[in-house]
Every structure is written in C-alpha cells, then in structure tokens.
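**Student:**
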Amino acid sequence: MEGATEFEEMYIKRIYEEHCREPGEIVRTSQLAERMSVSSASVTEMIQRLAARDLVTYIPYKGCRLTPSGFHYGALVKRRQLLIEILLHDVLKIEEGVEKIACKMEHAVDEVVEQALEQLFDYPSETFDGRRIPDVGRVNPNQD
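By numbering that gives the first Met the number 0, the letter at position 124 of the sequence shown is numbered 123, and the numbering carries on one by one without gaps.
(1) Output the residue ranges of the alpha helix (DSSP H) runs that lie fully inside the segment 79 to 122 and measure 4 residues or longer, sorted by chain position.
(2) With a CB to CB cut of under 6 Å and the five nearest residues on each side skipped, what residues in its chain are close to L82?
(3) What alpha helix (DSSP H) runs, 4 residues minimum, are completely inside the segment 16 to 52?
(4) Can you look up G129 in the DSSP assignment and give me helix, strand or coil?
(5) Between the alpha carbons of D128 and F70, how many angstroms are there, rounded?
(6) How would you write the range of the beta strand (DSSP E) that L54 sits in, first residue to last?
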C-alpha cells in the first residue's frame, strides 16, 4: 500500500493475525490495544484512519473487521515478516530474537526484495518452525 506508515502496517498486520486466529470475528479494540501495548483510544484512532483508507470496517464501541484490501495488505506484510525470519534463521543462522528483528525489517522490504526472497527460498509455504506463509497475492511462476 503506497504511503502506509510503519504504524499503519503494524496495526494492519496485528488485525490480520487476529483475523487468522478467529476468522469472521470482530477484532476487538481492547484485544488490539493489549497486543500493541497502547491505549484503546489510540487503537480507535488508528482503526478510524485505516477505515478511511478502506482497509478495515470500523464497528463503533467494538472494533473492526478487515476489508478484502485490508486482508490482502495484512497478508503481504505478514509474508514479508516470515520471509525475513527465514533469511535470518536459515541463511544468517540467527537463532534468538528472529521475530523481533524481522518485525523491524519488514517495513523496509519492497516488492523487488520480497520477490528475490521468494525465489531464493523457492516459494516456501511455511517457515522453519512450521508457521504457514500467506500466499494471498503471491506471484509464483512454479504454480500452474
């Protein structure tokens, strides 16, 4: 998504993760505030900003749901995080703090770097520890 801030990407990824845990459920403001370690008011403000960009549907006093474009974007950010985790673990042999490091790096990865990582790892479907890598919007020339 053009022009998304790092904070917007973090929120949309967290909403995506909650959606994957409980598909179809409203992602509650309080739940997101706890995961992000911020106030409910901050979450509400960000949800409204994301709703203005058509990434979520805001449900006042409850939370939000991802729109199709929000789901797609959340999957993209999550995929980039997981590809970086594979790079850190499998190539650079880093064992500790991989998720935290990847979370910081994911915002700097563009489509070109993402494609290069996908090719390098032969379009993986899961991480080294068995987590599924989202394939929404993935370009894989090996697929029929």
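Note that beta-carbon positions come from the ideal geometry of N, C-alpha and C, so glycine has one too.
Keep in mind it's a predicted model, so treat the numbers as computed, not measured.
**Tutor:** Reading from the atomic positions:
(1) For secondary structure counted as the alpha helix (DSSP H) over 4 or more consecutive residues, the segment 79 to 122 holds these complete runs in sequence order: 97 to 104, 110 to 119.
(2) One-based indexing of the sequence shown puts residue 82 at position 83. Around L82, the same chain offers L116 as residues with beta carbons nearer than 6 Å, after the five sequence neighbours per side are excluded.
(3) The qualifying runs are 28 to 35, 39 to 51.
(4) The sequence position of residue 129 within the sequence shown is 130, counting from 1. Correct three-state label for G129: coil.
(5) As a working mapping, residue 128 is identified with position 129 in the sequence shown. As a working mapping, residue 70 is identified with position 71 in the sequence shown. Distance between D128 and F70, taken at the CA atoms: about 23 Å.
(6) Position 55 of the sequence shown, counting from 1, holds the residue named residue 54. Following the DSSP letters along the chain, one finds L54 in no beta strand (DSSP E), marked with neither H nor E.
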